[in-house]
Every structure is written in C-alpha cells, then in structure tokens.
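First up is the structure itself, then whatever we jot down about it.
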Amino acid sequence: MTTPIAPWCAPTVDIQPLPTFGWFDHTGYGGYSEHMDLRRAKEDGWYGLVVLDTGTGQLSIRANRGYGPHFKNGHPPDEHYAPEQDLWYGRRYHRTPRRLGAFLREGLTREEVEQVLAQVAPAAQRLLQHLEPLPDGGWDWTVEAATTYQALRLFVSHPQDRTLESTLTDLSRHPSTVAFDTVIEAIPSIVDPAWTVASDAELDRIAEAFCQGNGYYSSNSHGRSPYDLLTEYAKLAQPDSRHVPSAPTVVGARAALRRWRAAAIQAQTGYPAQPAAAWFAAHQADAPDVTADLDDAQLAELAEVTIATVAHDHHISLVGVADYLTDERARLRDLVRAEATVMGQRTNALLAEADRARTARAAMAARIASWNDPKERGEDGDVNGAEIGRLVGMTRQGVHKLLERLRAEDPDGEENADT
C-alpha cells in the first residue's frame with residue numbers, strides 16, 4: 000500500500016484591513032477617498048485585485064498595474080509586494096502559486112469592497128480545503144478547488160450582478176474542468192511506463208502540457224498533442240453531443256502523476272514509495288555521502304546504491320534520488336564557490352598589501368643606499384648589498400638588481416644621489 004500523504008491542513012481565511020495606498024484616491028498617493036474610485040485607477044493603468052494567500056489564508060485587496068511583463072508573467076506586481084511573493088490570476092491550472100488573484104470590479108465604495116471580501120471568505124475557505132497536498136511539499140488543484148476559484152473570479156468582477164452561490168451553481172451545471180485521473184481512466188493509452196522512473200521535474204513538464212492543453216507529449220498515444228487527447232476525452236464524455244465538444248480544462252495532473260508513479264513503483268518493488276528529499280530529511284544518518292567533487296557518472300552510481308540500500312534496510316522505495324543527490328551536490332558546490340569567493344577576495348587583499356610592502360621595502364632600500372653611509376658601504380666603497388639586504392629582508396643580489404633597475408629608470412636621480 001502506498002504511504003498516505005498527510006491531510007492538507009488548510010489555513011483559516013483571515014480578511015485583512017483595506018490598504019491605504021493611493022489607487023483608491025483621486026489625488027494620487029495618500030489614502031482613501033470616500034468612494035474608492037477604481038475607475039480612475041483603471042484609467043491610470045491600475046487594477047484592484049482580491050488576493051488569497053494559500054499559505055496563510057490572508058484575504059486582501061491589492062493594487063496592481065494590469066499590463067506589463069511583470070504582472071502577466073506572475074511576477075511581483077508592484078512595490079507593495081516583496082520579490083518572493085508570487086501572484087497568479089490565470090485560467091489554466093498548471094501553476095500552484097502562493098497567491099491567487101482575481102480582478103475586482105471598478106467603481107466600488109469602501110463598504111462595497113468590504114462586503115465583497117465578506118462574501119468571498121467562505122468560498123476562499125472552501126477553495127483552501129479542497130487543495131490537494133503533494134508528497135514532496137506544495138499543493139495541486141482539484142476540480143472542487145478550481146471550480147471555486149472560477150466562481151470567485153467571476154463574482155468579484157461583477158459582484159453587483161450575481162451572487163457567489165449562483166455562480167458556483169452555474170459552473171456546476173456546466174462543468175468544464177476535469178481531473179487528470181478521470182482522463183487517464185477514459186484513455187489509458189495516455190499512460191507512459193517511463194513515468195515510473197521520471198523525475199519530479201519531468202512529471203511537472205508533462206502535467207503542465209496537459210493542464211495548459213498545448214504542447215506535445217510523446218507517449219503510448221502516438222505523440223498526439225494534449226489538446227488532441229483532451230478533445231478525444233470530451234467526445235467520449237459527451238457521446239450524444241451534436242457538436243464537437245471543446246477540450247476540457249485539466250486539473251490535478253501533478254498530484255495524479257506522482258500517485259501513479261508511487262503506485263507503479265510499489266507494484267514493482269513491493270515497498271511504498273517516498274520522496275527522497277523528505278525521507279532523508281527525517282533520516283539524516285542514512286543520507287548518502289555526497290561531495291562537491293562527484294561527477295555525473297559517480298552521482299548516478301551513488302543513486303543506484305542508495306535506492307538499493309534504503310530498500311534493503313528500510314523497505315522503502317525512494318523516488319527522486321537522482322534529483323536529491325544533484326541538488327545536494329549543487330548545494331555543496333555553491334558552498335565551495337562561496338568559499339572560493341572569500342578566499343579570492345582575501346588573497347587579492349593580501350597580494351595588494353604585499354605589493355605595497357614590496358614597494359615600500361624597495362624605497363627604503365634605495366633610500367638607505369642613497370646615504371652613502373659607511374655602514375652600508377663595502378671596503379671598495381660600493382654599496383654593501385648584503386648589509387642593506389639584511390636590514391630590509393632581501394638577498395644581496397636582490398638589492399643590487401633593485402638599485403640597477405632604479406638607475407636605469409632614473410639615471411639622473413641616482414647620480415644626484417651619489418654626489
């Protein structure tokens with residue numbers, strides 16, 4: 000039996016106070032106006048958004064520029080978001096971001112916006128409760144969560160024209176969203192045996208192709224595109240339709256692919272499958288000895304040994320071992336790179352200090368030689384290189400070479416120094 004995934008502990012929805020930045024104000028930045036005129040904000044390129052934080056349950060209002068690459072790509076929308084705060088408002092469910100957004104109708108008063116948040120809160124809670132946790136962390140969409148999000152988006156864009164419950168009812172009567180598990184049951188040829196050994200990243204690419212309904216995925220289905228496969232599913236699901244049905248929106252592919260892989264691995268090995276990263280985090284004493292110096296071949300060999308060892312000793316089939324080892328090697332190499340950076344900076348500082356010291360020493364040796372003091376002169380009257388070298392820490396030959404170089408660079412100065 001596959002190791003069960005811990006139930007999703009959905010956070011409690013918490014309505015946040017309305018913000019005070021300037022898109023609510025005719026005068027620009029400076030707080031609320033009486034009627035929170037979002038029409039003016041829209042003319043200026045700003046949009047109001049209802050934002051649900053899936054990690055904390057916070058339900059809030061945010062201002063955003065509705066156009067531009069940062070917003071469209073789901074990056075931080077404006078200065079009110081930190082760089083790591085992801086915001087998404089798409090119609091396809093290939094992403095599982097931290098924050099979900101929905102465009103808010105313009106021209107609402109403050110009281111009306113507060114009423115919208117109050118009506119949205121129960122649906123937001125239902126959305127959170129129907130998200131599906133992934134064994135390696137994070138979550139994925141379900142039909143219930145996606146349908147609730149669709150209803151939420153439609154409602155907040157026209158809160159005065161409909162109720163949230165009526166929107167949910169309409170969507171339920173005409174479902175356009177289907178779970179990936181349901182598609183596999185209808186078209187078993189979609190399944191590729193290679194999924195058994197696929198990494199999480201590879202499974203995510205497959206999931207994204209199906210949830211977006213585009214791209215090409217070559218499998219037992221003769222390389223047909225996900226759109227073609229989903230259109231085939233729609234025909235099977237609606238055999239009496241007079242028209243060619245549209246391809247449905249797929250959700251839950253990431254979770255479904257991981258479940259399928261875990262079940263296939265358990266069927267092959269007899270042991271439950273667990274993600275390597277999570278398992279080693281709980282069993283650090285059994286973690287493999289990874290170093291920054293392992294090459295790819297050595298890493299692959301270590302992955303095989305690790306899988307076999309854990310299966311033998313703990314009756315667990317680890318998945319994602321190669322990815323775990325690769326990430327661990329990358330982490331160790333980053334540590335070496337950081338150490339090399341510090342060492343390089345320190346070495347450069349020491350070399351610069353050494354250059355300054357050598358320059359100062361050469362100047363000191365030349366200065367002493369210029370005195371023509373008997374203490375630094377030999378019996379023949381020439382410079383006593385050995386004596387000066389003893390003083391400044393140089394060899395006799397080094398002192399003479401230094402003085403010869405200085406004479407070549409400034410013969411007049413040397414003559415003046417000797418006179």
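Per our numbering, the very first residue in the sequence shown carries number 0; after that it's consecutive. Where is the CB? At the ideal position from N, CA and C, for every residue including glycine. This structure is a prediction, so every number in the text was calculated from the model and none was measured.
If you draw a straight line from the alpha carbon of residue i to that of residue j, how long is it in whole angstroms?
| i | j | result |
| --- | --- | --- |
| residue 5 | residue 137 | Since pLDDT at residue 5 reaches only 45, below the 50 mark, its modelled position is unreliable, and the value read off the structure follows with that caveat. Cα-Cα distance, rounded: 12 Å. |
| residue 171 | residue 150 | 10 Å |
| residue 227 | residue 209 | 10 Å |
| residue 94 | residue 116 | 24 Å |
| residue 375 | residue 351 | 30 Å |
| residue 202 | residue 194 | 7 Å |
| residue 246 | residue 230 | 4 Å |
| residue 372 | residue 358 | 22 Å |
| residue 77 | residue 176 | Only weak support is given to the placement of residue 77: the predicted model assigns it a pLDDT of 42, under 50, and the value that follows is read from those uncertain coordinates. Their backbone Cα atoms lie some 32 Å apart in a straight line. |
| residue 304 | residue 325 | 15 Å |
| residue 174 | residue 297 | 50 Å |
| residue 419 | residue 224 | A query on residue 419 cannot be resolved here, the shown segment of the chain reaching from 0 to 418 and no further. |
| residue 290 | residue 125 | 46 Å |
| residue 408 | residue 369 | 15 Å |
| residue 192 | residue 258 | 14 Å |
| residue 332 | residue 341 | 14 Å |
| residue 346 | residue 334 | 18 Å |
| residue 69 | residue 135 | Because the pLDDT at residue 69 is just 41, under 50, the model does not fix this residue reliably, and the point stays unresolved. |
| residue 271 | residue 180 | 20 Å |
| residue 313 | residue 139 | 29 Å |
| residue 344 | residue 294 | 28 Å |
| residue 353 | residue 327 | 38 Å |
| residue 161 | residue 13 | 23 Å |
| residue 277 | residue 284 | 13 Å |
| residue 198 | residue 336 | 27 Å |
| residue 292 | residue 282 | 23 Å |
| residue 111 | residue 237 | 41 Å |
| residue 207 | residue 178 | 13 Å |
| residue 405 | residue 288 | 58 Å |
| residue 377 | residue 386 | 9 Å |
| residue 394 | residue 339 | 34 Å |
Looking at residue i: is its Cβ nearer than 8 Å to the Cβ of residue j?
| i | j | result |
| --- | --- | --- |
| residue 256 | residue 205 | yes |
| residue 163 | residue 122 | yes |
| residue 306 | residue 273 | no |
| residue 321 | residue 299 | yes |
| residue 275 | residue 319 | yes |
| residue 143 | residue 17 | no |
| residue 167 | residue 120 | no |
| residue 365 | residue 402 | yes |
| residue 11 | residue 56 | yes |
| residue 232 | residue 279 | no |
| residue 251 | residue 131 | yes |
| residue 360 | residue 392 | yes |
| residue 53 | residue 97 | yes |
| residue 118 | residue 9 | no |
| residue 286 | residue 235 | no |
Using DSSP bridges, identify the partner residues of residue i.
| i | result |
| --- | --- |
| residue 51 | 58 and 99 |
| residue 272 | 316 |
| residue 376 | 382 |
| residue 13 | 57 |
| residue 138 | 132 |
| residue 178 | 250 |
Mind reading off the beta-carbon distance from residue i to residue j? Whole number of angstroms is fine, and I expect it under 8 Å.
| i | j | result |
| --- | --- | --- |
| residue 196 | residue 189 | Their Cβ separation, rounded to whole angstroms, is 17 Å, which puts residue 196 and residue 189 out of contact at 8 Å. |
| residue 48 | residue 61 | 5 Å |
| residue 388 | residue 397 | 6 Å |
| residue 309 | residue 317 | 5 Å |
| residue 367 | residue 390 | 7 Å |
Counting contacts by CB-CB distance shorter than 8 Å, is residue i in contact with chain D?
| i | result |
| --- | --- |
| residue 320 | Chain labels in this structure do not include chain D; a single protein chain is all it has. |
For this session: Determine, using beta-carbon pairs with one atom in the stretch 96-104 and one in the stretch 153-168, whether at least three such pairs fall under 8 Å.
Result: Counting Cβ pairs under 8 Å, three or more are found: they touch.
For this session: Report yes or no: do the stretch 140-148 and the stretch 263-272 share at least 3 C-beta pairs separated by less than 8 Å?
Result: Cβ pair count under 8 Å is below three, so no.
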